[in-house]
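Structure, as structure tokens:
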Amino acid sequence: MKKGKKIKKQTRNRRRPFDGLQALFLFLVFCLITLLGAILSNSPRTVSGLAGAVASLQDQSGVESPVTAVLLNFRGYDTLLEVMVLLLAVIGVWSLAKAPFPTPETDISPVQMGVVRLLAPVMCLVAAYLVWQGSHLAGGAFQGGAILGAAGVLLLVSELPWLHAIPVYVLRIGLVLGPLVFVGTALSCLFLTGTLLAYPKGTAGWLILLIETACALSIGLTLALLFGGGRPESDVPGGDSP
Amino acid sequence: MIFLADSPSWMITPVILPLIAGLLCFLFSRRTFVIALITALINLFVACLLIYQLLVFGTIRYYIGGWRPPIGISLRTDGPALLMLLMTAVTGLAITLYARGYFSYRIADPVRGSRHQHQQRYFWPLWMLLLAGLNGLFLSGDIFNLYVTLELIGISAASLAALSGKPASQRASFRYLLISLLGSLTYLLGIVFFYRTCGVLDLGVLQNTAINEPGIRAALALLTVGLLLKTALVPLHFWLPPAHANALAPVSVILSALVVKGSFYLLFRFWFELFAPIVTTSALNFMGTLGAIAILWGGIQAIRQQRLKLMVAYSTVSQLGYLFIAFPLSRTLTGVPVWSAVIFIALTHACAKSAMFMAAGNVYLHLGHDRIRNLDGVRASLPITVFAYGIAGVSLMGLPPSGAFIAKWMLLTSSIDSSQWWWALVIMAGSLLAMVYVFRVMSHFFVIPKRESLKETTPLSPLLEWPALILALIALFLSLLAPWLLHILSQGSTGLAQLFPGGLP
Amino acid sequence: MNSGQLLLLSILLSSFIPGIIIFCLPEENHRLRTLLNLCGSIVKISLILVMNVGIYYGHVFEIRIPLIPGVELLLNGDPLSALFATLSSVLWLLTTIYAVGYLEGSPNRSHFFGYFSLCVTVTIGIALAGNLVTFLLFYEMLTLTTYPLVIHRGTEKSLRAGRNYLIYAFGGGAVFLVAVVWLQTIVGPMDFSAAGFSPSYIDSHGPVLSLIFCLLIIGVGVKAALVPLHGWLPQAMVAPAPVSALLHAVAVVKAGAFGIIRIVLDVFGAQNLLLLGVLPLLAGVATVTILYGSVRALQQDDLKKRLAYSTISQVSYIALGMSMVDQPLAVIGGLVHLVHQGLMKITLFFCAGNLAETLGIHRISEMRGVARRMPLTMAAFSIAALGMIGIPPTVGFISKWYLGLGGLAAGNWWLLLVLVVSSLLNAWYFLPILIKAWFGKQQGEWPAEIAIGRFETRLMLLVPPLVTAVIVLVAGLVANAQISPLAWVRFIVQGYTL
Amino acid sequence: MITTLLYSLTGLILFGMGLFTLIIHSHPLRKILAINVMASGVFLILIATAYTPLGQGEIDPVPHAMVLTGIVVSVSVTALALILACRVQETSNRTLRKKTKQPKNTKGPKS
Amino acid sequence: MTTSILTLFDSILILTLLWLGWRLLSSEDIFKAVILFISFGLLMALAWVRMRAPDVALAEAALGAGLTGPLFLAALRRMNRTRKGERRLDSDEKREKDQKTDTEQT
């Protein structure tokens with residue numbers, strides 16, 4: 089009864105009557121989509137894209153998986169900036185809010201603890217595998233990082249006490265590690281070969297693996313901290329200089 | 452070998468250096484200002500060096516990773532790009548100094564100091580990454596890479612806008628973030644349409660393949676809408692004034708002077724270079740009409756505002772209109788390269804608007820509010836700030852020695868030459884509106900308050916006042932640099948040269 | 003950079019640099035400020051005299067700064083610019099001395115004198131401008147630098163006056179800009195030159211060129227206070243007396259009048275204007291302004307307001323002279339009135355300022371018997387007022403004489419009528435003041451008398467009006483001498499084929 | 089070819105649905121959801137563009153790389169937007185509470 | 009044969025995607041919408057597999073289901089907490105109830 093009332097109230101709040109303006113928007117969006125759809129269906133794709141170009145340069149890229157080759161070699165600069173975007177999201181979140189108070193010691197069911205104990209290491213293993221596998225099959229830093237992040241979320245959800253004991257500078261270093269290794273590699277390539285991100289002959293595979301590992305760690309940490317929803321309590325200004 | 456003056460590797464410095472600086476600023480909590488300052492200085496130096504390289508060697512392309520297009524990403528320098536880079540570097544340096552002064556002043560406040568310390572802690576990395584994004588945008592020669600830099604800019608700008616922690620600013624910033632995301636997605640959809648028609652992402656290659664067919668036109672429309680959202684052209688401007696007016700003073704400067712210019716610069720490149728062959732006159736007229744509405748609407752709104760920062764923000768809306776009114780006028784061949792008017796407006800606006808927001812921020816710091824009614828007597832206590840405000844206002848009005856005057860001259864010439872009267876009328880009406888809103892505030896500054904009601908405040912540091920004044924002076928005397936700027940613009944912008952055979956100076 | 007260019011630059015800098023330094027000086031440091039002001043103005047006058055000699059002997063003074071194709075800044079010293087520059091710089095010196103005395107002890111003086119110096123720099127810039135773009139640049143700058151002076155008192159009334167001034171001036175500036183651009187799209191980039199543009203354009207673009215002429219005259223007419231555009235001037239009377247002197251005699255109104263001269267003589271040229279047939283229009287506006295200003299002046303009791311309307315009326319003599327551009331004598335009359343009106347009007351304003359500052363007199367009805375209290379001031383006032391009416395041997399007579407001769411030569415009888423009527427009106431609104439002041443009996447206390455100085459008022463307030471009054475007399479007496487405003491104006495007119 | 093078209097159109101429709109929701113709904117979370125759906129739509133078109141049926145040639149890896157980065161970025165931006173939405177609510181609640189409290193305090197002693 | 013099965017699969021997948029998208033965007037309850045969004049993400053991963061994009065599918069599965077969902081839920085919880093906290097600041101009873109619903113949600 090009470091719940092029904094609540095829902096009714098929400099309904100009233102959230103869905104205004106279907107007025108003229110909405111109808112207009114609907115109509116406009118409909119027109120837009122129809123137009124774009126017509127263009128899509130009328131101009132079939134004629135050019136083949138870059139598949140051929142990538143395939144022809146595949147063996148110079150140092151990895152077997154074409155996606156990884158594009159991500160970390162041919163268009164490594166994009167990926168470098170994307171990693172920065174991820175870091176930026178964390179900085180933004182930290183600048184906005186403190187992490188919400190942990191809920192007071194509610195005891196976590198032993199089943200959940202067991203699941204966490206079992207799952208977290210497995211996920212880490214899977215992540216490591218994915219990163220390593222990235223060079224020749226599906227997988228790579230992003231996927232590995234995502235799995236790591238999911239593991240982090242799992243740990244955060246189960247309110248493990250030692251999580252709060254991690255000093256902030258460790259977190260900061262962890263966050264910066266991937267981007268820093270990436271930029272560092274790019275710059276050392278610049279000094280060795282004269283061009284940014286041009287891996288020296290024969291080292292491409294290893295360097296890509298290095299970057300991927302570091303990035304996967306940072307991405308995982310980033311995603312987990314994004315879930316954390318704010319800067320850690322102890323992140324006071326001036327107090328965490330390493 | 453890398454550090455020689457003629458090495459092309461300098462081109463990556465404006466992107467990579469602020470990136471590293473951003474990482475370091477995030478990692479360390481002390482001496483962040485020093486890192487930022489060194490970065491801004493090197494950035495300015497490199498911008499000048501790149502212009503030197505452009506003048507000596509012509510346009511340069513840099514293939515990242517050694518992979519040539521279409522497979523790799525290339526950076527390239529040409530006149531417009533480097534002028535925008537220089538503009539960012541100059542204003543960036545001023546902003547860095549100003550932000551330092553701002554935070555020192557705020558942190559000295561015994562009551563709220565710690566909050567501002569925390570703001571400063573996050574300001575520097577965000578600002579450095581934003582700088583990297585802007586520089587990357589100006590230099591990039593790859594349409595998807597541009598998307599990434601747009602994301603970089605959008606996210607850092609939204610985070611910066613929310614930094615002040617006030618509910619109003621956070622609400623505005625949320626809206627800004629959503630709009631920015633919507634813009635990026637529309638842009639990405641445009642890229643998709645592009646890629647499936649042309650199969651390449653590199654702008655240089657695209658230029659030769661951009662043909663007039665529905666897919667490309669749809670792509671152009673989508674890219675344009677996406678960028679217009681970010682540039683805040685009327686009627687898509689609704690998010691801009693609250694976001695710019697409620698942010699911290701240095702952030703307002705960054706948002707108004709630089710961030711909107713980033714997305715506008717892309718529009719400029721797409722419409723004047725990449726897609727110039729397929730752009731129709733009616734499309735240009737449409738953009739011009741929007742610009743005209745923006746000039747008038749923004750001006751009227753600016754006059755109606757009760758708060759100084761909101762007034763300055765609406766003035767941005769109005770000034771952005773000038774950038775677009777140049778679109779329909781660019782097609783007349785009068786011997787004067789009218790498209791360069793856009794660059795002049797952008798440069799003047801960047802400097803003048805920075806100075807204006809800095810001045811507004813100083814007034815806010817000094818009085819604790821920015822209600823226009825109660826600004827009496829500020830001239831006596833903040834002479835330099837008021838002077839900077841006045842000079843910046845003069846530049847925004849487009850009075851003679853400012854860079855905007857040159858632009859206005861070109862636009863008027865073009866509109867009279869092609870007997871398109873209405874544009875000339877709008878341009879003049881816009882500058883009269885600017886006169887009204889600038890001097891409405893100015894006259895309050897000059898009022899001698901009836902009683903000495905000004906409370907005792909700590910004097911503002913030179914770091915707060917001088918950057919504003921210097922930027923305002925640059926804006927005011929920009930037209931004296933016009934021959935030099937035109938010379939740079941004529942270097943290496945191949946597409947523009949093709950569009951205007953013999954039209955370049 | 004040759005010596006001529008250096009000279010032009012230093013003429014501008016000689017007031018610009020003191021102005022900037024004065025801005026930075028602390029408020030209390032008035033001795034250094036006064037020193038800077040006086041040094042600057044004396045240096046400026048001597049430099050301008052050097053330039054005049056150079057111009058007389060045919061040297062070329064020119065600085066060209068190209069901006070974009072078709073737009074360049076051009077500073078150019080020709081006889082006409084020398085006339086205006088000399089007038090402004092001499093009167094600036096006197097006004098500065100006067101302002102130092104007038105503002106003693108009032109707040110914000112460093113701002114005041116800073117803007118004062120900038121204002122004169124800009125006026126000299128207008129004088130030296132060699133093409134329409136440069137003229138426009140300084141013309142707009144003039145509005146900006148005088149605005150703070152107009153609202154210097156910071157009261158509600160002065161703010162309103164300042165607002166109106168801005169709206170009129172920038173409105174005019176906008177019209178002017180459009181006209182300049184339009185003209186350039188038709189005849190191409192051009193410098194000021196004696197012949198104007200080629201008459202061949204008249205066949206192809208006749209009506210448009212007439213319209214452009216009207217727009218240009220509207221643009222400068224705002225500052226010259228031609229009749230429908232004069233609204234700002236009487237309101238601006240709220241400013242301190244030195245500022246009024248500056249507005250009326252040295253800078254603003256004069257800049258407008260000078261603009262009319264430039265447009266008529268150097269942009270369009272006599273032949274083109276005759277072909278276009280727009281001169282009667284100018285003559286009509288000038289006549290209306292002359293008569294309207296005089297009539298309005300009659301109705302004012304406020305002394306400064308009466309002087310303001312008198313300015314509106316008198317400046318239009320210049321426009322009237324220009325409207326008979328084919329008659330050399332009329333042109334001489336108009337040109338020389340630029341100088342003469344400045345001298346007379348500044349004297350009147352100095353005296354009005356003295357009365358207000360020393361005795362608190364603002365209204366004519368309060369002036370009974372004031373000549374006995376301040377004989378020197380009123381003597382100067384009387385000379386200038388008689389000049390305004392056009393009584394020989396003052397300079398006012400010279401101007402009207404030449405205008406009248408020009409009108410006769412052209413067979414314009416109505417012009418003589420206008421001159422006579424306006425002189426009668428001038429007499430009507432000036433003579434009662436003189437009679438009241440000299441022969442009236444003092445009634446009760448002066449409104450706000452302050453005893454200052456050894457003489458009737460401060461020395462610094464007394465000397466400038468006396469000097470200008472003497473010049474008004476002397477320049478009239480020796481008008482035919484080798485060195486006089488009239489002689490220089492004749493030299494100018496020789497350069498034109500009218 | 090038809091498969092590409094079908095999936096592309098699906099993506100387009102998703103984009104449109106997201107856009108419509110984004111415009112008309114006012115709840116912040118709903119808006120963020122809408123953005124996510126729009127992003128999925130764009131990604132779908134992009135991937136569908138790259139698709140070639142099995143055995144008919146190489147798959148174009150460039151769009152895949154683009155989508156991959158796009159997904160990761162959209163997740164991080166979503167997180168940022170969510171936190172921002174929460175903060176908006178928290179801070180405006182706080183000021184709201186302050187505002188509703190203040191008149192009570194001022195009224196108290198008077199009455 | 010295989011093509012027809014594939015086409016059938018395609019149409020079912022597409023229809024489900026569209027239906028889910030519509031439901032999650034228009035459902036009145038935000039919580040439900042978030043749950044629908046998670047399933048939408050998983051289905052999207054399936055679509056990526058169908059489009060021969062295993063890399064993207066892996067990322068989508070891990071991110072869409074493993075991260076975006078929890079992110080939304082956490083935000084929802086946070087928003088609900090502030091909203092309820094706003095309504096009844098001091099009611100202990102209410103707070104307990106909230107906690108219960110919170111734990112239920114997670």
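Chains as they are written, first to last, in my numbering: chain A, 89 to 330; chain B, 452 to 956; chain C, 3 to 500; chain D, 89 to 199; chain E, 9 to 114.
Cβ atoms here follow ideal geometry from the backbone N, Cα and C, with glycine treated the same way.
Quick caveat, the model's predicted, so the values are computed rather than measured.
Nearest chain B C-beta to E170 (chain A) closer than 8 angstroms, yes or no? Within the first sequence, the letter at position 82 stands for residue 170 (chain A). Chain B contact via Cβ: present.
Cβ-Cβ separation, A745 (chain B) to T775 (chain B) (assumed contact under 8 angstroms), whole Å: On the second sequence, position 324 is the one that residue 775 (chain B) refers to. On the second sequence, position 294 is the one that residue 745 (chain B) refers to. Residue identity differs from the one stated: residue 775 (chain B) is Phe in this sequence, not Thr. Rounded, the Cβ-Cβ distance is 7 angstroms, consistent with contact.
C-alpha gap between T291 (chain A) and L298 (chain A), whole angstroms: By 1-based counting over the first sequence, the position of residue 291 (chain A) is 203. By 1-based counting over the first sequence, the position of residue 298 (chain A) is 210. Whole-angstrom Cα-Cα distance: 11 angstroms.
Given 8 angstroms, three or more beta-carbon pairs between the region 69–84 of chain C and the region 49–61 of chain C: By the Cβ criterion, the region 69–84 of chain C is in contact with the region 49–61 of chain C, since at least three pairs of Cβ atoms, one from each stretch, lie closer than 8 angstroms.
Alpha carbon of L410 (chain C) to alpha carbon of A806 (chain B), nearest angstrom: Position 408 of the third sequence, counted from the start, is the residue given in the question as residue 410 (chain C). Position 355 of the second sequence, counted from the start, is the residue given in the question as residue 806 (chain B). L410 (chain C) and A806 (chain B): Cα-Cα distance of roughly 59 angstroms.
Closest by CA to V711 (chain B), which one among B:A609, B:F625, B:L735 and B:V837? By one-based count along the second sequence, residue 711 (chain B) stands at place 260. Considering only alpha carbons, the answer is B:A609.
Enclosing alpha helix (DSSP H) for A79 (chain C) [first to last residue]: Taking the third sequence and counting its residues from 1, one reaches residue 79 (chain C) at position 77. Checking the sequence, you will find Gly at residue 79 (chain C) rather than Ala. Segment V73 to G79 is the beta strand (DSSP E) holding G79 (chain C); no alpha helix (DSSP H) there.
Would you list the residues sitting across from N133 (chain C) in a DSSP beta bridge? For the purposes of this step, residue 133 (chain C) is taken as the residue at position 131 of the third sequence. According to DSSP, N133 (chain C) bridges with C:D193.
Neighbouring residues, chain A, relative to F477 (chain B) (Cβ below 7 angstroms): As a first step, residue 477 (chain B) must be located in the second sequence, where it is residue number 26. Chain A residues near F477 (chain B): I179, R260 and V264.
Neighbour flag for L81 (chain E) against chain D, beta carbons, 8 angstroms: Here residue 81 (chain E) refers to the residue found at position 73 when the fifth sequence is read from its first residue. Answer no: the Cβ-Cβ gap between L81 (chain E) and chain D never drops below 8 angstroms.
Is there a Cβ of chain D sitting closer than 8 angstroms to that of L470 (chain B), yes or no? Within the second sequence, residue 470 (chain B) is the residue found at index 19, counting from 1. No, because no Cβ of chain D sits closer than 8 angstroms to the Cβ of L470 (chain B).
Where does P68 (chain C) sit, in a helix, a strand or coil, going by DSSP? Your numbering for residue 68 (chain C) matches position 66 in the third sequence. Three-state DSSP puts P68 (chain C) in a strand.
Please identify the residue among C:A381, C:V266, C:L277 and C:I363 whose C-alpha is closest to the C-alpha of M324 (chain C). Residue numbering aside, residue 324 (chain C) sits at position 322 when the third sequence is read from its first letter. For M324 (chain C), the nearest C-alpha among the options comes from C:V266.
Who does L440 (chain B) pair with in a DSSP beta bridge? Since the first residue shown for chain B is 452 and the last is 956, residue 440 (chain B) is missing from the structure and cannot be characterised.
Does Y165 (chain A) come within less than 8 angstroms of chain B when only Cβ atoms are used? Against the first sequence, residue 165 (chain A) aligns to sequence position 77. At least one chain B Cβ lies under 8 angstroms of Y165 (chain A).
Residues near G308 (chain A) by beta carbon distance below 8 angstroms, same chain, minus five either side: As a first step, residue 308 (chain A) must be located in the first sequence, where it is residue number 220. Cβ within range, chain order: A215, G232, G233, A234, I235, L236, G237, A239 and G240.
Three-way DSSP call (helix, strand, coil) for D268 (chain C) in this model: Position 266 of the third sequence holds residue 268 (chain C). Correct three-state label for D268 (chain C): helix.
Taking DSSP as the reference, what is the three-state secondary structure of R60 (chain E)? For this step, residue 60 (chain E) is matched to residue 52 along the fifth sequence. In this structure, R60 (chain E) counts as coil in the three-state DSSP scheme.
Closer than 7 angstroms by C-beta to F477 (chain B): which residues in its own chain qualify, once you throw out the five before and the five after it? Chain order, please. Residue mapping note: residue 477 (chain B) aligns to position 26 of the second sequence, counting from 1. So the qualifying residues of the chain are P576.
Give a yes or no on whether the C-beta atoms belonging to D268 (chain C) and A373 (chain C) are separated by under 8 angstroms. As a first step, residue 268 (chain C) must be located in the third sequence, where it is residue number 266. As a first step, residue 373 (chain C) must be located in the third sequence, where it is residue number 371. Not in contact: D268 (chain C) and A373 (chain C) (Cβ atoms no closer than 8 angstroms).
For S367 (chain C), which of C:I262, C:A382, C:I435 and C:S315 has the nearest alpha-carbon? Sequence index remark: in the third sequence, residue 367 (chain C) carries index 365 (1-based). The shortest C-alpha separation from S367 (chain C) is found at C:I435.
Can you check the region 172–233 of chain A for any alpha helix (DSSP H) of at least 4 residues that lies completely inside it and give the ranges in chain order? 198–221
What does a CB cutoff of less than 6 angstroms around D98 (chain E) pick up in its chain, not counting 5 residues either side in sequence? On the fifth sequence, residue 98 (chain E) is found 90 positions in, with the first residue counted as 1. Residue placement at D98 (chain E) is flagged as unreliable, the pLDDT there being 36, under the threshold of 50; a coordinate-derived value is accordingly withheld.
Closest by C-alpha distance to N161 (chain A), when choosing among A:L313, A:P288, A:L311 and A:V210: Numbered from 1 along the first sequence, position 73 holds the residue referred to as residue 161 (chain A). Comparing Cα positions, the closest option is A:P288.
Are the C-beta atoms of A167 (chain D) and some chain A residue less than 8 angstroms apart? Indexing the fourth sequence from 1 puts residue 167 (chain D) at position 79. For A167 (chain D), the answer is yes, since a Cβ of chain A falls inside 8 angstroms of its Cβ.
Give the straight-line distance between the Cα atoms of K46 (chain C) and F199 (chain C), rounded to the nearest whole angstrom. Position 44 of the third sequence, counting from 1, holds the residue named residue 46 (chain C). Position 197 of the third sequence, counting from 1, holds the residue named residue 199 (chain C). Cα-Cα distance, rounded: 33 angstroms.
DSSP-derived helix/strand/coil call for F63 (chain C): Translated into the one-based positions of the third sequence, residue 63 (chain C) becomes position 61. DSSP places F63 (chain C) in strand when its eight states are reduced to three.
Between which two residues does the alpha helix (DSSP H) holding M807 (chain B) run? The residue labelled residue 807 (chain B) in the question sits at position 356 within the second sequence. M807 (chain B) -> alpha helix (DSSP H) spans W790 to L818.
Tell me the DSSP secondary structure of D18 (chain E) in three-state form. As a first step, residue 18 (chain E) is located in the fifth sequence; it is residue number 10 there, counting from the start. Looking at D18 (chain E) - three-state DSSP - the assignment turns out to be helix.
Euclidean distance between Cα positions of S869 (chain B) and S129 (chain A): Position 418 of the second sequence, counted from the start, is the residue given in the question as residue 869 (chain B). Position 41 of the first sequence, counted from the start, is the residue given in the question as residue 129 (chain A). Spanning the two alpha carbons is a distance of roughly 41 angstroms.
Would you check if the distance between the CB atom of N494 (chain B) and the CB atom of P469 (chain B) is smaller than 8 angstroms? Reading the second sequence from its first residue, position 43 is the one you call residue 494 (chain B). Reading the second sequence from its first residue, position 18 is the one you call residue 469 (chain B). In this structure, the beta-carbon distance from N494 (chain B) to P469 (chain B) falls below 8 angstroms.
Interfacial residues, the region 40–51 of chain E to chain D, with Cβ spacing under 7 angstroms: A41 and F45
Does chain E have any CB closer than 8 angstroms to the CB of L80 (chain D)? The question about residue 80 (chain D) has no answer, for chain D in this structure spans 89 to 199.
Between I235 (chain A) and chain E, is the shortest Cβ-Cβ distance under 8 angstroms, so that the two count as touching? Residue 235 (chain A) sits at position 147 when you count from the first residue of the first sequence. It does: the Cβ of I235 (chain A) has a partner Cβ on chain E nearer than 8 angstroms.
Between G844 (chain B) and chain A, is there a C-beta pair that is closer than 8 angstroms? Taking the first residue of the second sequence as position 1, residue 844 (chain B) is located at position 393. Chain A contact via Cβ: absent.
Between the C-alpha atoms of I43 (chain E) and A302 (chain A), what's the straight-line distance to the nearest angstrom? Within the fifth sequence, residue 43 (chain E) is the residue found at index 35, counting from 1. Within the first sequence, residue 302 (chain A) is the residue found at index 214, counting from 1. Rounded to the nearest angstrom, the two C-alpha atoms are 33 angstroms apart.
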